[in-house]
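Student: To start, I am sharing the structure in question, which I have written as structure tokens.
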Amino acid sequence: MPLIEVSGLTYTYPHGAYPALDGISFSVEAGEYVAVVGANGSGKSTLARCLNGLLQPSPGAVRVAGHDPSEPEGRRRVRRALSLVFQSPPDQIVASIVEEDVAFGLENLGVAPDDMRPRVRAALERTGLWELRQSSPRFLSAGQQQRLAVAGSLAMAPACLVFDEATAMIDPAGREEILRLMDEAVAGGAAVLHITHDMAEAARARRALVLSRGRLVYDGLAEGLFELPDLPSLGLGLPEGAVLARSLRLRARPGELPAGLAARVVSAGLRPAPALANAGAPTTADSSAGALPPAKAGHDAAAEAAFRLEGASYRYLAGTDDERSALDGVSCELPRGRRLAFVGATGSGKSTALQLVAALAQPSAGRALVLGRDTAAPATELRELRMAAPLSIQRPESAIFEPYAGDEVAFGPRNRGLSGAALADAVRRAMDAVGLPYDGFRDRPSRALSGGQKRRLAIASILAMSPDILVLDEPGSALDPVSRSELMALLFRSDGGGRSLAFSTHSMEEAARADLVAVMGRGRLAAFGPPATIFGAGWDPGWGLKRPFAAELAAELARAYEARGFDPAALAALRSAVTPEALAAALVGPSGALGPAAADAARPATGPSPGTTGTEGGVA
Amino acid sequence: MKNLEFFSRISIGRYIERDSAVHRLSPAAKYLWLFAFILPVSALKSAAAMAFLAAAALAAAALAKIRPSFLLRGFLPVLPLVGIAAAFQIAFTAPGDRTAVLLALGPVSVTAREAAAVGGMALRFLAMMLGLGLFTSVITEGDTARGIEDVLAPLSKLGFPAHQLALAVAVAFRFIPIVAGELEGIVKAQAARGADFGTGKGGPLRRARAYLPLVVPVTIRALERAEALAEAMEARCYEARGRTRYVKAEGGRYDLVARLAAIAFAAASLAIGFALPW
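As given, the protein sequences belong to chains X and B, one line each in that order. Position 396 (the first sequence) corresponds to 395 in numbering that gives the first Met the number 0; numbering is contiguous. Position 115 (the second sequence) corresponds to 114 in numbering that gives the first Met the number 0; numbering is contiguous.
Next comes the structure, spelled out in structure tokens:
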């Protein structure tokens, strides 16, 4: 008997116009590792909630370990067999002490106190939290909190663990930990259902189910995912490694590491393109970590910069028992009209740096100059400065406060003094730009929009103010690949007015497309420079980040070609190629250049290309 | 507050970890002692009794190995209130107050009775602050909730939802930083778009009024977060009945002694306190 059996499952939310799940049928055997893939709103989370009875499926549609979650006693038994780990780490924590939280599920099952201790200990040890067992979960990082949620599930010894986008809100290092725990759970005999829209993560599973608009459109081996026709229409995109393989006219192999692909590239007879060697090479200026360009003629230099941090530090809750340092002596500068990406682990100071740039916080030491003005100077009009450099907070949709979409967008420009036709025009342009047409959306209730639409509405409310600097904290987080690359393309698109952009991201592929990258670590600026340097020659594994696939591949290739006696000078362009397009342009095939078609093929889905003017290169 | 910082990062409660006889008490015994202390502090009028109760709290603090200065830090924000109350006490002489005038300054005079009342009030505040401060310093967040359940356990046999009440308290603790975090997000999002937060402009009324429109969105977000937490609890098989408990909170033989002592303490303080002439 299969562990999970779903037959003809249809689910429509109360007041829903169309079913969120429509005639789904599949079964999962004990110990299977299955990825459930689909865009935002495809029905993945609804499926998870139907499986364990958080939503009520129709009787007989779902059976887990032989029990039916549509009736109370069956639901009780199903939840013992199938444990759910949710997306948002803090929203799953019940207790005020780590080990008590792990015990919560066991307490609910009525396990005798003496039997609980060894189970709690084992779960904490498996998740690497034993040392932290007496801590308050609130002060754990998001990655640790998510491991705590997994520990709580593991302690209940379920036959199946369902991870509902459990890696979407944590940084890459934390994500690796969760993926490792999934592998271990499978090795330990449990079935794992991994709900995700990240194709690289999905490819780790043996089998994949693909959902699109509530329907099951694929049920097969995970490696078959990459061969699906028309991935963008499913809201999915290939991981950068697969995109690269294709653009180099090679077959995409799920889960392939850069070294493996490099070997195939070399044996396919591709070589560095000598003619392009200099064209693609970066200028090696201002690449030294954290160094400010010399302040020539004092005022002018500062006025040219979109922002300039000079030894800026920030301490939270200064003067209280809970005081802690968030930023420590950071110096860097963003010239006007350029795009800067902040990268680094959770808690490395990215968000704090962005708040200094947006004048929402003032440095506790050092200076922050925004558009040439010192944010701490008494003469500075903070309100005006904030509107010239408005911050879009993390998950900005959570801060939408106007009942109607149009009013939400109008809030900013109205505060900038616009009214009447000028105000309507600003709102119209911003809403049209983000793909929420003014005429169709201005009177829609904000709450009724989908998650992705809310994100775009929040971005429109910033764009409508025609800011000089866009400041965005993880603008693409938790969006599916297509929505994400559309959004980044929109933000990278120049409006012709020399608008500057400062954003934080956990995607190194996105950062590789910025003009400058600031690498943060423990509140300090670990490195600062153009992506070709940061991800190329200046790369330091000690940062604890994951190098973009293209950059890793380029480094592997440069090493291989050097060993084969290619002129090191000719490899310079290859070494600084950190995006798929740059890499495709730096190589020639056996019969000459790969041509523009290859560069085009390299563009889709993993991120925006600077300067594209269409809505999205790779989606069409 | 120029930096738009809220309390999402602050630690709640002021539990201080020490190895002491007071800390080792069960949460229920700690609650009993809190009630046994607060009851005479609120019911009695005698200034001498207040002085005794404040001294008792200090003695308990010493037993708990907690410095009194730490407990009194929480007293500081209340001081202006005490000052205002004292001023009223002195400004308006009670009719028929024939006690000796200790100090006269123009139309304002301080009689012996007024001085005793002001002193008693100050001592009452002091005792209250010491007692509450000590309680929060020796009880953890988790025990705060568990203690309620244990104290009310006898009533739960009559159908009183002691466990649910304890859970509500625990979740309320959890939600203080969550709501503060949501508020911080919305304030920042609005300030970035020109709302008047933290610019140092306007009087206190104007500044307070800026927060009014936030009530609805923050409440909605808090409800959404509550729903997410409820789902997570339900997914982990939460049901109010048939639960066991991971943390032992029974206390030993001395715990029973401590509970009985709490009752004796309250009874004795009340009996003697009411008998005292001043």
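The beta-carbon is built from N, C-alpha and C at its ideal position, and this holds for glycine as well.
What are the residues that DSSP puts in a beta bridge with X/GLY219?
Tutor: For the purposes of this step, residue 219 of chain X is identified with residue 220 of the first sequence, where counting begins at 1. Paired residue(s): X/ALA207.
Student: Please say whether X/LEU260 and X/LEU524 have beta carbons closer to each other than 9 Å?
Tutor: Against the first sequence, residue 524 of chain X aligns to sequence position 525. Against the first sequence, residue 260 of chain X aligns to sequence position 261. No, Cβ-Cβ distance for X/LEU524 and X/LEU260 is not below 9 Å.
Student: Could you round the C-beta distance between X/GLY451 and X/LEU478 to whole angstroms and report it? I think they count as a contact, below 8 Å.
Tutor: Translated into the one-based positions of the first sequence, residue 451 of chain X becomes position 452. Translated into the one-based positions of the first sequence, residue 478 of chain X becomes position 479. Right, the Cβ-Cβ distance comes to about 6 Å (below 8 Å), so this counts as a contact.
Student: Rounded to the nearest angstrom, how far is the Cβ of B/ALA84 from that of B/MET127, given a contact under 8 Å?
Tutor: Residue 84 of chain B sits at position 85 when you count from the first residue of the second sequence. Residue 127 of chain B sits at position 128 when you count from the first residue of the second sequence. Not really, about 13 Å apart at Cβ, beyond 8 Å.
Student: With 8 Å as the C-beta to C-beta threshold (strictly closer), list the residues of the segment 225–251 of chain B near chain X in chain order.
Tutor: Per Cβ criterion, the list reads ALA227, LEU228, GLU230, ALA231, MET232, GLU233, ALA234, ARG235, CYS236, TYR237, GLU238, GLY241, ARG242, THR243, ARG244, TYR245, VAL246, LYS247.
Student: Check for me: the alpha helix (DSSP H) holding X/CYS159 runs from which residue to which?
Tutor: Within the first sequence, residue 159 of chain X is the residue found at index 160, counting from 1. Premise fails: X/CYS159 lies in the beta strand (DSSP E), 159–163, not in any alpha helix (DSSP H).
Student: For the ligand COA, is there any heavy atom lying closer than 8 Å to the beta carbon of X/PHE565?
Tutor: With respect to the ligand COA, the structure shown offers nothing to examine, as it has no ligands at all.
Student: Given 8 Å as the limit, is there contact between the segment 21–33 of chain B and the segment 145–154 of chain B, that is, 3 or more CB pairs closer than that?
Tutor: Because the criterion of three Cβ pairs below 8 Å is met, the segment 21–33 of chain B and the segment 145–154 of chain B touch.
Student: Would you identify the three-state DSSP class for B/PHE264, choosing helix, strand or coil?
Tutor: In the second sequence, residue 264 of chain B corresponds to position 265, counting from 1. It is helical.
Student: Only counting the same chain, and skipping five residues up and downstream in sequence, which positions put a Cβ closer than 7 Å to that of X/ARG263?
Tutor: Reading the first sequence from its first residue, position 264 is the one you call residue 263 of chain X. The answer, listed in chain order, is LEU249.
Student: Any beta carbon from chain B within less than 9 Å of X/SER232's own beta carbon?
Tutor: To locate residue 232 of chain X, count along the first sequence from 1; it is residue 233. Not one chain B Cβ lies under 9 Å of X/SER232.
Student: From X/ALA190 to X/ARG62, what distance separates their C-alpha atoms?
Tutor: Looking up residue 190 of chain X in the first sequence gives position 191. Looking up residue 62 of chain X in the first sequence gives position 63. If you take the alpha carbons of X/ALA190 and X/ARG62, they lie about 15 Å apart.
Student: In chain X, what lies closer than 9 Å to B/GLU181 by C-beta?
Tutor: Position 182 of the second sequence, counted from the start, is the residue given in the question as residue 181 of chain B. Simply SER397, ALA398.
Student: I'd like the list of long-range same chain contacts for X/ARG338, defined as Cβ closer than 6 Å, with 5 residues on each side in sequence excluded.
Tutor: In the first sequence, residue 338 of chain X corresponds to position 339, counting from 1. For X/ARG338, where only same-chain residues beyond five positions count, the Cβ hits under 6 Å are LEU500, ALA513, ASP514.
Student: If you measure between the beta carbons of X/PRO389 and B/ALA191, is that distance less than 9 Å?
Tutor: Counting from one through the first sequence, the residue named residue 389 of chain X turns up at place 390. Counting from one through the second sequence, the residue named residue 191 of chain B turns up at place 192. Result yes, Cβ atoms of X/PRO389 and B/ALA191 sit closer than 9 Å.
Student: Hey, X/ALA559 and X/ALA272: beta-carbon distance below 9 Å or not?
Tutor: Within the first sequence, the letter at position 560 stands for residue 559 of chain X. Within the first sequence, the letter at position 273 stands for residue 272 of chain X. Going by C-beta atoms, X/ALA559 is not nearer than 9 Å to X/ALA272.
Student: Could you check what DSSP says for B/THR135 in three-state terms: helix, strand or coil?
Tutor: Counted from its first residue, the second sequence places residue 135 of chain B at position 136. The answer is helix: DSSP assigns B/THR135 an H, G or I state.
Student: Would B/LEU132 pass as an interface residue toward chain X - the criterion being a Cβ-Cβ separation below 9 Å?
Tutor: Residue mapping note: residue 132 of chain B aligns to position 133 of the second sequence, counting from 1. First, the residue type needs correcting, since residue 132 of chain B is Gly and not Leu in the sequence shown. Not closer than 9 Å to any Cβ of chain X, the Cβ of B/GLY132 fails to qualify, so no.
Student: Are the beta-carbon atoms belonging to B/ILE185 and X/SER397 less than 9 Å from one another?
Tutor: The residue you call residue 185 of chain B lines up with position 186 of the second sequence. The residue you call residue 397 of chain X lines up with position 398 of the first sequence. Yes, the Cβ-Cβ distance between B/ILE185 and X/SER397 is below 9 Å.
Student: Can you find a CB in chain X that lies within less than 9 Å of the CB of B/ARG328?
Tutor: In the structure as shown, chain B starts at 0 and stops at 277, and residue 328 of chain B therefore has no counterpart that could be examined.
Student: Cutting at 7 Å between CB atoms, please list the residues of its own chain near B/ASP18, excluding the five before and the five after it.
Tutor: Counted from its first residue, the second sequence places residue 18 of chain B at position 19. Closer than 7 Å at the Cβ level, and outside the excluded window around B/ASP18, lies no residue.
Student: Give the DSSP-derived three-state secondary structure of B/ALA229 in the structure shown.
Tutor: Counted from its first residue, the second sequence places residue 229 of chain B at position 230. Note: B/ALA229 maps to helix in three-state DSSP.
Student: Whole angstroms are fine: how far does the CA of X/LEU224 sit from the CA of X/GLU28?
Tutor: Position 29 of the first sequence, counting from 1, holds the residue named residue 28 of chain X. Position 225 of the first sequence, counting from 1, holds the residue named residue 224 of chain X. Cα-Cα distance, rounded: 20 Å.
Student: Is B/ASP254 close to chain X, meaning its C-beta is less than 9 Å from at least one C-beta of that chain?
Tutor: The sequence position of residue 254 of chain B within the second sequence is 255, counting from 1. No, B/ASP254 lies away from the interface with chain X (no Cβ there is under 9 Å from its Cβ).
Student: In three-state terms, what does DSSP make of X/MET519?
Tutor: Taking the first sequence and counting its residues from 1, one reaches residue 519 of chain X at position 520. Here X/MET519 sits in strand by DSSP.
Student: Who are the neighbours of B/PHE172 on chain X, taking C-beta pairs under 7 Å?
Tutor: As a first step, residue 172 of chain B must be located in the second sequence, where it is residue number 173. Result: SER95.
Student: Would X/ARG382 be called buried (16 or more neighbouring beta carbons within 10 Å of its own) or exposed?
Tutor: In the first sequence, the residue the question calls residue 382 of chain X occupies position 383. Answer is buried; the Cβ neighbour count reaches 16.
Student: Considering only residues of the segment 45–90 of chain X, which uninterrupted alpha helix (DSSP H) runs meet the minimum length of 4 residues and lie entirely inside it, listed in chain order?
Tutor: The segment 45–90 of chain X contains these whole alpha helix (DSSP H) runs: 71–80.
Student: May I ask you to report which of helix, strand or coil DSSP gives X/SER484?
Tutor: Here residue 484 of chain X refers to the residue found at position 485 when the first sequence is read from its first residue. X/SER484 falls in the helix class under three-state DSSP.
Student: Using the C-alpha atoms, what's the distance from X/ALA510 back to X/PHE341?
Tutor: Numbered from its first residue, the first sequence carries residue 341 of chain X at position 342. Numbered from its first residue, the first sequence carries residue 510 of chain X at position 511. Roughly 8 Å between the two C-alpha positions.
Student: So which of X/ARG206, X/GLY127, X/VAL209 has the shortest CA-CA distance to X/ILE177?
Tutor: Numbered from 1 along the first sequence, position 178 holds the residue referred to as residue 177 of chain X. If we check each option's Cα against that of X/ILE177, X/GLY127 comes out closest.
Student: Mind pulling the alpha helix (DSSP H) runs of 4 or more residues that sit fully within the segment 325–395 of chain X?
Tutor: Entirely contained in the segment 325–395 of chain X, the alpha helix (DSSP H) runs reaching 4 residues are, in chain order, 349–356, 381–387.
Student: Cβ closer than 7 Å: which chain X residues qualify as neighbours of B/GLY202?
Tutor: Your numbering for residue 202 of chain B matches position 203 in the second sequence. In chain order: nothing, as chain X lies at least about 16 Å away.
Student: Taking Cβ to Cβ, would you say X/VAL84 is nearer than 9 Å to X/LEU208?
Tutor: Within the first sequence, numbered from 1, the residue matching residue 84 of chain X stands at position 85. Within the first sequence, numbered from 1, the residue matching residue 208 of chain X stands at position 209. No.
Student: So, at 8 Å on beta carbons, what are the nonlocal neighbours of X/LEU220 in its own chain, with the 5 sequence-adjacent residues on each side left out?
Tutor: Residue mapping note: residue 220 of chain X aligns to position 221 of the first sequence, counting from 1. Hits under 8 Å: ARG205, ARG206, ALA207.
Student: Our contact map puts X/ARG455 next to X/LEU486 with C-beta atoms below 8 Å; I'd like the distance itself, whole angstroms only.
Tutor: Here residue 455 of chain X refers to the residue found at position 456 of the first sequence. Here residue 486 of chain X refers to the residue found at position 487 of the first sequence. Confirmed, Cβ separation roughly 7 Å.
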